[in-house]
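Residue 184 in the numbering used here sits at position 21 of the sequence shown, with consecutive numbering throughout.
Note that beta-carbon positions come from the ideal geometry of N, C-alpha and C, so glycine has one too.
None of these values were measured; they are calculated from a predicted model.
This report concerns only the one structure given below.
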Amino acid sequence: MSNILHSSRPLSRRAILRGGTLLLTCGGLELSAAARLLADDKTKSRRVRLAVLTDMHFADKAPAGSRHYRETIGKLAAAAEQFAKDKPEFTVELGDFIDAADSVKTELGYLKKIQREFAALPGEKHYVLGNHCVYTLTKQEFLDGVERKKSYYSFDKRGVHFVVLDACYLKDGTPYGRKNFVWTDPNIPGQQIEWLKKDLAEAKGKVVVFVHQRLDLPGDSHYAINNAVQVRRVLEQSGKVLAVLQGHSHKNYVTEINGIHYCVMRAMIEGSGAAQNGYSTMDVSAEGAIRITGFRDQQNYDWS
Ligand SMILES: [Zn+2]
């Protein structure tokens with residue numbers, strides 16, 4: 164800019180003024196727009212956007228209480244429309260993807276149908292096991308149905324580390340499945356905790372954890388993971404975990420324990436009609452800021 168204004172090229176006063184004003188205005192605009200674009204670009208490269216859904220409980224059966232199983236397909240289509248606009252890089256469902264059937268064949272049918280819809284959502288798909296996912300099915304059958312290999316694992320996106328946990332185990336370490344489970348007594352077995360410690364120690368960036376059952380409640384609560392305190396200590400000791408996203412209780416809820424946000428997302432299954440729905444997009448920056456934009460009954464959060 165100063166080079167241009169101090170140019171020795173002979174220009175009329177008007178031209179200089181006009182040119183100067185023009186240059187200043189345009190230059191100013193260009194500069195701030197460029198700076199903004201650059202900043203946007205920088206933030207973008209260090210920020211990941213994901214889509215979050217939970218407790219879809221899809222089943223081709225009559226409603227029971229507040230659960231309208233067949234409506235999940237339409238509610239998911241509404242979420243898909245929103246996600247097509249928001250363009251998340253990946254999609255995670257926090258468990259209870261399907262609801263129970265009496266036979267393996269029927270339950271696999273539910274899984275096949277909802278999986279077809281869910282698979283069309285943006286980006287790669289991540290599945291957290293919920294107690295209803297492995298009611299009649301075994302874990303292997305569920306994982307095969309959604310084409311995943313593991314029930315707990317981790318992955319990285321744009322400098323953020325994401326961890327999927329599986330609390331669908333009895334106290335003695337037996338995996339839930341084939342109607343062998345106690346929904347009020349989920350556990351994260353020792354082997355998975357050892358894996359978690361190692362995974363968090365090696366994690367490069369900030370961490371977000373996905374789990375179906377609740378880590379933020381005392382172990383004697385119906386919704387709590389039996390050894391929640393032990394797991395929370397591992398998360399806290401890493402010094403890297405920003406937030407834990409959970410399902411299971413079906414209602415919006417958030418709390419903060421020792422610097423970690425524990426958030427329960429609104430279940431998709433609850434209530435009848437388009438307005439009775441909940442889903443969200445979540446932005447996580449590598450620096451640790453989180454913004455959750457909720458739709459329908461899902462609440463918004465901003466943790467910067
Ligand atoms: Zn549920």
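Ligand 1 and residue i: does the residue's C-beta get closer than 7 Å to at least one heavy atom of that ligand?
i	result
Ala430	yes
Asp259	yes
His231	no
Gly322	no
His411	yes
Asp218	yes
His295	yes
Please classify residue i as buried or exposed, where buried requires at least 16 other C-beta atoms within 10 Å of its C-beta.
i	result
Glu450	exposed
Lys367	exposed
Lys369	buried
Pro226	exposed
Phe318	exposed
His385	exposed
Asn389	buried
Gln354	exposed
Thr337	exposed
Lys238	buried
Thr418	exposed
Gln303	exposed
Pro349	buried
Lys320	buried
Glu433	buried
Arg230	buried
His341	It should be noted that the sequence gives Arg, not His, for residue 341. Burial call: exposed.
In the DSSP assignment, the alpha helix (DSSP H) including residue i goes from what residue to what residue?
i	result
Trp358	Gly353 to Glu365
Lys275	Val267 to Phe281
Ser317	Where Ser317 is concerned, there is no enclosing alpha helix (DSSP H), although the beta strand (DSSP E) it sits in stretches over Tyr316 to Lys320.
Asp465	Where Asp465 is concerned, there is no enclosing alpha helix (DSSP H), although the beta strand (DSSP E) it sits in stretches over Tyr464 to Trp466.
Lys302	Lys302 to Gly308
Measure how close the beta-carbons of residue i and residue j come, nearest whole angstrom, since I'm counting them as under 8 Å.
i	j	result
Ser443	Val291	So it is not a contact: roughly 15 Å between Cβ atoms.
Ser448	Arg210	5 Å
Thr299	Leu257	Not really, about 20 Å apart at Cβ, beyond 8 Å.
Phe253	Ile277	Phe253 to Ile277, Cβ: 18 Å. No contact.
What first and last residue would you give for the beta strand (DSSP E) that runs through residue i?
i	result
Lys288	Glu287 to Tyr290
Gly441	Gly441 to Ser448
Ile455	Ile453 to Arg459
Leu239	Taken as a continuous stretch (DSSP letters only), Leu239 belongs to no beta strand (DSSP E), being part of the alpha helix (DSSP H) at Thr235 to Asp249.
Phe325	Val323 to Val327
Val407	Val404 to Gln409
Arg212	Arg210 to Leu216
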